[in-house]
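Contents: one structure, followed by commentary.
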Amino acid sequence: MGNQKDGLGRIYINFFRKDQYSRAEVDYFLLLMKEMLKKQDGFGAREVSHVLLKPDLATDRASLASSARPRAAADPEAKWRVQAEEWRQELGVPASFSLIRKHKLAFRGVQMTERTRVILDLVLANIAKQHRLVKWPPSKKWLMRLVKSTVVDVSQNPCRRKFSTEEHLHTMCTSSILVHLGLQRAILPSEMLWLQGHNPSSTVLPSTIPSGSVRALAGEGMALPCIGLVIWCLHQVKQFPRQDSEA
1361 MGNQKDGLGR
1371 IYINFFRKDQ
1381 YSRAEVDYFL
1391 LLMKEMLKKQ
1401 DGFGAREVSH
1411 VLLKPDLATD
1421 RASLASSARP
1431 RAAADPEAKW
1441 RVQAEEWRQE
1451 LGVPASFSLI
1461 RKHKLAFRGV
1471 QMTERTRVIL
1481 DLVLANIAKQ
1491 HRLVKWPPSK
1501 KWLMRLVKST
1511 VVDVSQNPCR
1521 RKFSTEEHLH
1531 TMCTSSILVH
1541 LGLQRAILPS
1551 EMLWLQGHNP
1561 SSTVLPSTIP
1571 SGSVRALAGE
1581 GMALPCIGLV
1591 IWCLHQVKQF
1601 PRQDSEA
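Letter by letter, the sequence shown follows residues 1361 to 1607 in the numbering used here.
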């Protein structure tokens, strides 16, 4: 498993039983996977907002996405503070400067603790600094254009740099709290399921299930398209073995 700094992504390993699959079958599985991934690249990635609720529906529900975690007491020696300062120094941004305060940005459904605000501020600054043609500090119009598709996981400390790029969206975990910078709101737990590939039209969530449980469910799972690809390739390599009771 890698991280953003070393340029590696998360690695999933498929194990094949020697008594069920030959080396040639495993090689064929790998060939199919590579070919399918190559074809997928030709279609390009969808915008995250494609699977999110429409603005009129999300506005009323965004408060449900607020973190259920209790507010932590201020701790000057907290690791996130040290990590945030290191990130600021890399960017050349003083601790007293805040793009959120400068442009009076508000994020619906987000508990704006100091830690959350600092993480969001650092991501905004990081993205703006990457575009050298944009004058610093960027205007609100330019800033929102740059982050229109960016999603930040504020549950992770600054050292993790957990924000999406144009190439990928980071893997979720049970503690993930996602904020869409472009939409300026939290991503609802149900929307986290949609990001995993569940169908928004056919998936029904009982009203009695707490939002925190839905978020944890989304974080425990893998993206359905990824699982589907593996299962499809396995089926092409070797038809699924029948159970003895079906023989």
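C-beta: ideal position from N, C-alpha, C; glycine also.
Determine the DSSP secondary structure at residue 1397, reduced to helix, strand or coil.
Of the three classes helix, strand and coil, the one that applies to residue 1397 here is helix, per DSSP.
So residue 1507 and residue 1542 are in contact, right, with Cβ under 8 Å, and what is the actual spacing, rounded?
Sure, about 6 Å apart at Cβ, within 8 Å.
Do you know offhand how far residue 1393's Cα is from residue 1593's?
7 Å
For residue 1562, does the count of other Cβ atoms within 10 angstroms reach 16, so buried, or fall short, so exposed?
Counting Cβ neighbours within 10 Å, residue 1562 comes out exposed, since fewer than 16 surround it.
For the stretch 1514-1521 against the stretch 1473-1484, are there 3 or more C-beta pairs whose distance is under 8 Å?
yes
Output the distance between the C-alpha atoms of residue 1596 and residue 1396, rounded to the nearest integer angstrom.
12 Å
Residue 1488: which of 1471, 1525, 1403 sits nearest, CA to CA?
Nearest of 1471, 1525, 1403 to residue 1488, Cα basis: 1525.
Could you give the DSSP three-state label for residue 1448: helix, strand or coil?
helix
Across which residues does DSSP place residue 1513 in a beta bridge pair?
1538
From residue 1493 to residue 1528, what distance separates their C-alpha atoms?
24 Å
Out of 1403, 1451, 1471, which one is the CA nearest neighbour of residue 1483?
1451
What are the start and end residues of the alpha helix (DSSP H) that includes residue 1599?
Counting along the chain, residue 1599 sits inside no alpha helix (DSSP H), nor does DSSP assign it H or E at all.
Ordered along the chain, which non-local residues of its own chain (more than five positions away) have a Cβ less than 7 Å from that of residue 1580?
1534
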